[in-house]
Amino acid sequence: MPKIAKALTALDVKRLTEAKLHPVGTVPGLALYISKTGAKSWILRTTIGTRRSDMGLGPYPAVTLAGAIERARETLNTIRAGVDPVAAKRAKQSTIEWTFERCALSYIAGHEAGWKNVKHGQQWRNTLETYVYPVFGNKHVRDVEISDVIRVIEPHWTTKNETMVRVRNRIELVLSWAAARNYRSKENPARWRGNLDQVLPKPSKVNQRESFEAMPVDAMHDFMRRLRGVPGTSARALEFVILTACRSGEARMASWSEIDLQLATWTLPKERMKAGRAHRVPLSDQALELLEALPRFDKVDLLFPGREGKPLSDMAMTALMRRLGLTAVPHGFRSTFTDWAAERTGYPSEVREMALAHAIGNDTEAAYRRGDLFDKRRQLMADWAAFLDTPPASGNVVRINRRA
């Protein structure tokens, strides 16, 4: 241990100005360091094992002489007990903030360069932001349990199975990465075999179920082709709902006065919006073609009028789907749109959420205040319409679930 110098007093500490290390006395190795700028701080110079170490104990005057002496004694007692305080501090700092979200972002950053598809990283972010982070994103990765994973995937397992299979796999990969980094030591709760397969039905069985509120993404092309062959106002209204990803009630009450065909824009007043804000919807070429083919009636402003010029009933589109023998519901197409945008595109979550007229969270409020992301949403809706017109790859054809 270093020799003990003549003890400094509080007044000595205050008066010292020479830029150097001034031994304090009282505690071996404790010194007051004065920089060339005049800033003062406390240093404990000691030996840990065979290594000499200079440990900072805080700035003066925030840490007084008495406080520095107390900290120095506590640190020396820790060293005598066989604990390396520097290593302990580093270990604590390395684990305290390793939430699942932080691990996921680190995993993506480390693997993104090796992914062939440049959109793959954004698709990872989209699905995790949509489904996982709201449930346990802020939870320390070492504490993630099977119950957390189930809370994420079970509610959507039968309605969004393709997406949930990917989400489960991504959770498993992130947790395996965290284990390899020693941020967690437990078994992987997102593992399928011998674990989640005891709780959830196999994906192959789920795809045969007869109850889907949302239509699978890869079934949309065939359904749209079939829907366009069905005559009637309800069919056109449902087609419009799908092309715009709007709520069925918004389409039923839509009026020609809200449509600007020249600007390819549908503007819904705040009085009709769930969020209480006016909302602009970019119209794709396919949506414009649908509108231009609609019949117009004197003294009727509705796009899709029902009997006697009144709005369609709230069950009109659902009844149409039942007549077609389908189990999906109109509102479920918004979920299908969400799955497509999250899994098949690289659009960030705020663009997808704005397209659905959802409120934007705090982390994207600044983006919202700069505008409504209209140009980006226009391209998103054009891509969605193009997807609906494109037959799926031969290996991705999905049977549309029908009523018995």
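Add 234 to the 1-based position in the sequence shown for our numbering, that's all there is to it.
Beta carbons: idealized from backbone N, C-alpha and C, even for Gly.
query                                                                                                                                                             : result
Hey, quick one: how far does the alpha helix (DSSP H) through TRP618 stretch, first residue to last?                                                              : 608-623
State the CB to CB distance for the pair GLU363 and SER583, rounded to an integer number of angstroms; the pair is presumed to be in contact (CB under 8 Å).      : 5 Å
So what does LEU683 bridge to, in DSSP terms?                                                                                                                     : Look at the range of the chain in this structure, 235 to 638, and you will see that residue 683 is not part of it.
Are LEU560 and THR572 closer than 9 Å when you measure CB to CB?                                                                                                  : no
Looking at LEU278: is its Cβ nearer than 9 Å to the Cβ of VAL261?                                                                                                 : yes
Can you find the residues in the same chain that come closer than 8 Å, C-beta to C-beta, to PHE531, ignoring five residues on each side of it along the sequence? : PRO539, GLY543
For GLU252, is the classification buried or exposed, using 16 other Cβ atoms within 10 angstroms of its Cβ as the cut-off for buried?                             : exposed
Taking VAL464 as the reference, give the member of LEU255, LEU264, HIS513, MET555 with the closest Cα.                                                            : MET555
DSSP beta-bridge partners for SER287?                                                                                                                             : THR280
Tell me which residues share the same chain as ASP535 and place their Cβ nearer than 8 Å to its Cβ, disregarding the 5 neighbours each side in the sequence.      : SER489, TRP490, SER491
Check whether the Cβ atoms of PRO295 and LYS274 lie closer than 9 Å to each other.                                                                                : yes
What do you reckon, are the CB atoms on LEU291 and ALA302 nearer than 9 Å?                                                                                        : yes
Would you call GLN442 buried or exposed, if buried means 16 or more other Cβ atoms sit within 10 Å of its Cβ?                                                     : Note on GLN442: pLDDT 46, under 50, position unreliable in the model; no value is reported.
Note down the Cα distance separating ALA550 from SER482, rounded to an integer number of angstroms.                                                               : 10 Å
Taking just the CA atoms, how far does TRP276 sit from LEU266?                                                                                                    : 5 Å
For the beta strand (DSSP E) containing VAL247, list its first residue and its last residue.                                                                      : Premise fails: VAL247 lies in the alpha helix (DSSP H), 244-249, not in any beta strand (DSSP E).
Measuring CA to CA, which of TRP332, PRO389, TRP426 is closest to ASN416?                                                                                         : TRP332
Output the residue ranges of the alpha helix (DSSP H) runs that lie fully inside the segment 365-413 and measure 4 residues or longer, sorted by chain position.  : 367-370, 380-387
Measure the alpha-carbon distance for THR298 versus HIS256 and round it to whole angstroms.                                                                       : 15 Å
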